[in-house]
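Please read the structure below before turning to the comments.
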Amino acid sequence: MIRYLSFLFVIFSSGCAIALPSFPTAINRSLPLAITECGDPKWPWHEAGDVVVGLSLSGGGKRAAAFAYGVMLGLQEVTFNLADGRRTNLLDQVDYVTAVSGGATAATFYTLVRGSQSNLVEFERFLHDNTEQAIIRRTLNPLNWLTSSAVIQGEYFSDALYNNKTFADLPRWPYLLIGATDLSRGIPFNFSRAQFACIGSDLASYPLGSAVAASAAYPMFFGTIPLQNFSYKLDTENKKRGPFLALSDGGLVDNLAIRNYVLLLNRGYLVGDHLETFRKRARAFIFIQVDGSAHLQPGLEETPTSPGLFTRMGRALEVVFEQQVGDINSYLSRVLSPTLDDLGVQYALLDLALTDAPSRIRQQVLEIPTRWTLDKQDIALLVEAGKDVVRSRSETIQKIRVIFQANSSPSPK
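Per this note's numbering: the sequence shown = residues 243 to 655.
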C-alpha cells in the first residue's frame, strides 16, 4: 500500500525493529466489566433522529486524509433547511463516523472539533507537516530505540493532532469507530467500548493517537500496537486471544471502513433488531462513502521487465482493495438497499471516490503515492478534488435535501 517511501523512512520505521529488539508496552488499562458487555460495537440508534447519516473514510495515508478533508469542506457547502426550519449543512448532520488508516486521522479530528469550521481548517497544519521526518526524528532518539515504530507514530499523532486526548474527550455525538486489524487472528478490531470489554479494558482512558496509529500501522513499515488482554486468565471464550493483541493497519481487512459497519447494521439492526430500536425511529438512512485510494492503474503490461519491490507490494494490495470495493458496492445495491426498502426506510448513497476527480486533475491525483509526507501542491490538488467530487453529485445531494426536509426531527446533531 505504501509506495515510493524514502530509504530513511523505511530503515527507521521498519528496519529498527530488526536491528534492535523491540519491547513495546501495552498502555491500555484494565476495567472490571461484565463479560456480557463483550461483543460487536453497540450503535446508539435511538440518539440519531429520523434521518440516520453514516460517514466512512478509507485508508490511503496522507493522500486519503487530504482527500477526506476536501470532501468534508465540500459537505459543509451542502446547506439546506430542516423540517423545523433550522439551517444546517450535510457535514453537521453526520451521526456515525467509521474510518481506517489515513481516513482515521481526519475522522478523529473532525469528531473532536465538530461544529466549528475554523477548527476543522486547523487540520491543514497536519496535512502540511513532514510527518515522515518527525517520526524518523523521534525514532532516532536513544530513548526510543527499544520502542515499536507504531507506538512512536501514536505518540506523534497524539502530540501533533489530538493534544494528547483520549476517548473520554470525544463528544457524545457523532459516534466514532476507528478500525484496526487483529493481526494474529486476521479479523477486524474496532476501538469501541464493547470490543474493549472483550479484553477487560477501559476504552475511555485510551489515547486517540494510539488508536489512529494502530489503524494506520501498515505491517511492512510499522510494528504492531499491543493491547493487553486482561480477560485472558478468565474462563471465557476470549482466552483464545492470548494475553496480548497485536493490532495493525485496519485497511488490511476493510480499507473502505465500511464492510464491518454495513454488516453490523444489517445483522444487528435491520434483520436482528428484535427490540426494533432502529425501525421505530429511522425513516431514512444516508451513507456517505469516501474512498481516497488510487485503485488499479495501467502500465505493468507495457514492458516485460518486472516492476520494483514497492510497486509489486502496492499492486498486490490494490488488487485486494479493488475486490473489497466491488464486494461492498454489490452488497449495498443487492442486499442493504432492498432491505431498507422493505422496512419503508428511504436510502441514499453518496459515493465520493478519488478516481472520480475532475478530468483536469484526475491523472495527477491518482499518481500521488500513499505516504505520510506530501508536497504542498499535491495536498492542494487532493483538497480541491474532494470538494469537486462532492459538487459533482448534484442529483444525489438534491435527493438528500428532500429526505431531510421531509423527515428531520430533533436529535443531538
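Cβ atoms here follow ideal geometry from the backbone N, Cα and C, with glycine treated the same way.
Asked: Buried or exposed, going by whether 16 or more other CB atoms sit within 10 Å of the CB of D491?; Found: buried
Asked: May I ask you to verify whether the segment 363-375 touches the segment 420-438, counting CB pairs closer than 8 Å and requiring at least 3?; Found: no
Asked: If you follow the beta strand (DSSP E) that R635 is in, where does it begin and where does it stop?; Found: That residue, R635, is in no beta strand (DSSP E); it is neither H nor E in DSSP.
Asked: Nearest-angstrom Cα distance between Q606 and F309?; Found: 13 Å
Asked: From F529 to L332, what does the alpha carbon distance come to, in whole angstroms?; Found: 11 Å
Asked: Going by the DSSP bridge assignment, what does L412 pair with across the sheet?; Found: Partner(s): none; L412 has no beta bridge.
Asked: How is V587 classed by DSSP in three states: helix, strand or coil?; Found: coil
Asked: Look at the alpha carbon of T340 and the alpha carbon of A349, and state the distance between them as a whole number of angstroms.; Found: 7 Å
Asked: Closest to G344 by CA distance: which of Q395, R328, L385, V295 is it?; Found: Q395
Asked: Tell me which residue opens and which closes the alpha helix (DSSP H) that T466 is part of.; Found: Neither: T466 is in no alpha helix (DSSP H) and is coded neither H nor E.
Asked: When the Cβ atoms of the segment 307-327 are set against those of the segment 391-409, are three or more pairs found closer than 8 Å?; Found: no
Asked: For my contact list, S298 and A306 are in at a C-beta cut-off of 8 Å; report their separation, rounded to the angstrom.; Found: Going by Cβ atoms, the distance from S298 to A306 rounds to 11 Å, so no, they are not a contact pair.
Asked: Going straight from the alpha carbon of P413 to that of T389, what length do you get?; Found: 31 Å
Asked: Quick one: is the Cβ of D411 within less than 7 Å of any heavy atom of the ligand PLP?; Found: Only the bare structure without any ligand can be found here, which leaves the ligand PLP out of the picture.
Asked: Could you check the C-alpha separation between Y417 and D401 for me, to the nearest Å?; Found: 23 Å
Asked: Starting from T597, trace the beta strand (DSSP E) both ways and give me its first and last residue.; Found: Taken as a continuous stretch (DSSP letters only), T597 belongs to no beta strand (DSSP E), as it is neither H nor E.
Asked: So within the segment 356-385, which uninterrupted alpha helix (DSSP H) runs reach at least 4 residues, ignoring any that extend past its ends?; Found: 359-363, 365-370, 373-382
Asked: Just to confirm, is the Cβ distance from S452 to I441 under 8 Å?; Found: no
Asked: Can D666 and Q531 be called in contact, C-beta distance under 8 Å?; Found: No information on residue 666 is available, as it lies outside the stretch 243 to 655 that the chain covers here.
Asked: Examine the Cβ distances between the segment 599-618 and the segment 319-337 and report whether three or more of them are shorter than 8 Å.; Found: no
Asked: Please say whether T347 and Q454 have beta carbons closer to each other than 8 Å?; Found: The question names Gln, yet the displayed sequence has Val at residue 454. Yes; because the gap between Cβ atoms is below 8 Å, this pair is in contact.
Asked: Run the CB neighbour count on G291, radius 10 Å, all protein chains shown included, and call it buried at 16 or more, exposed below.; Found: buried
Asked: Closest by CA to D583, which one among R525, D533, R613?; Found: R525
Asked: Taking just the CA atoms, how far does S443 sit from L273?; Found: 5 Å
Asked: Per DSSP, what kind of secondary structure is V400 in: helix, strand or coil?; Found: Going by the sequence as given, residue 400 is Ser instead of Val. Helix, per DSSP.
Asked: Out of I642, S391, D337, S473, point me to the one whose CA is closest to A458's CA.; Found: S391
Asked: Who are the near neighbours of P449 in its chain, counting only those whose CB is closer than 6 Å to its CB and skipping five residues on each side?; Found: S400, T408
Asked: Taking the DSSP output, what are the residues bridged to D444?; Found: R271
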